[in-house]
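Okay, so here's the structure we're looking at.
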Amino acid sequence: MSQLRQLFYVSRAVDCVDASAVRKILAISRRNNRMLDITGCLTYTGAHFAQVLEGREEAVDILKNRIAADRRHADFRLVLDRKSTLREYPLWSMAFLNSPELCDDIEGLFVATATPRQAVLMMGRLKPDTVMGAL
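If you use the numbering used here, the sequence shown corresponds to residues -11 to 123, in order.
Take a look at the structure:
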């Protein structure tokens, strides 16, 4: 099995991000990710984004740089970057979780003392169910 790269980042949404903007992000991400064979999950709390991306290392790296430069969010923080052989989100070019109740937990990942274990635990909470995806 080929090696994959999986990363998890958090960021703070800027004021201009609303449900319409998130729908546009999802539509573009789903189309582009299918072409790049990238899977993952985007979480939006109303104040934060948290996203897991997984795929070939080169494709994930290019996408990470593009996302980090996006002006719809600030304080981009990569909290986990690891190699993997299995996808956590194999069925989702970009799953979506709208979860305001995760706001405080995601905010906690911005501190310098956040550990990879905390990131993995948070990623476990970002699992989509089979009927999620709409705003």
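Positions of the beta carbon are idealized from the N, C-alpha and C atoms, including for glycine. For clarity, every value in this text was computed on a predicted model and none was experimentally measured.
On the DSSP bridge list, what partners appear for residue i?
i	result
T38	In the sequence under discussion, the amino acid at residue 38 is Ala, which differs from the Thr named in the question. In DSSP, A38 forms a bridge with V(-2) and T31.
L(-8)	S72
For residue i, which of the options has the nearest alpha-carbon?
i	options	result
C29	R65, N86, R59 and C4	N86
V10	Q(-9), S72, K52 and D58	D58
G112	S81, R75 and L24	R75
R(-7)	N53, R44, R105 and K52	R44
M110	Q(-9), Q39, R19 and R0	Q39
L14	R70, R105, I55 and D93	I55
S72	M82, E42, D49 and E46	E42
D3	G96, A102, L51 and A35	A35
Q(-9)	R70, G96, I50 and E95	R70
N21	K12, S81, D49 and K52	S81
R18	P88, A102 and Y77	Y77
Rounded C-beta distance between residue i and residue j? I'm assuming under 8 Å.
i	j	result
F84	H61	About 15 Å separates the two Cβ atoms, so there is no contact after all.
T33	L68	At roughly 18 Å, the Cβ-Cβ gap does not stay under 8 Å, so T33 and L68 are not in contact.
A47	L24	4 Å
Under 9 Å, do residue i and residue j count as touching if we go by C-beta distance?
i	j	result
V(-2)	F98	yes
T31	L114	yes
L137	L79	Nothing about residue 137 can be read from this structure; the chain reaches only from -11 to 123.
D63	R0	yes
message = So within the segment 53 to 122, which uninterrupted beta strand (DSSP E) runs reach at least 3 residues, ignoring any that extend past its ends?
response = 61 to 72 and 83 to 86
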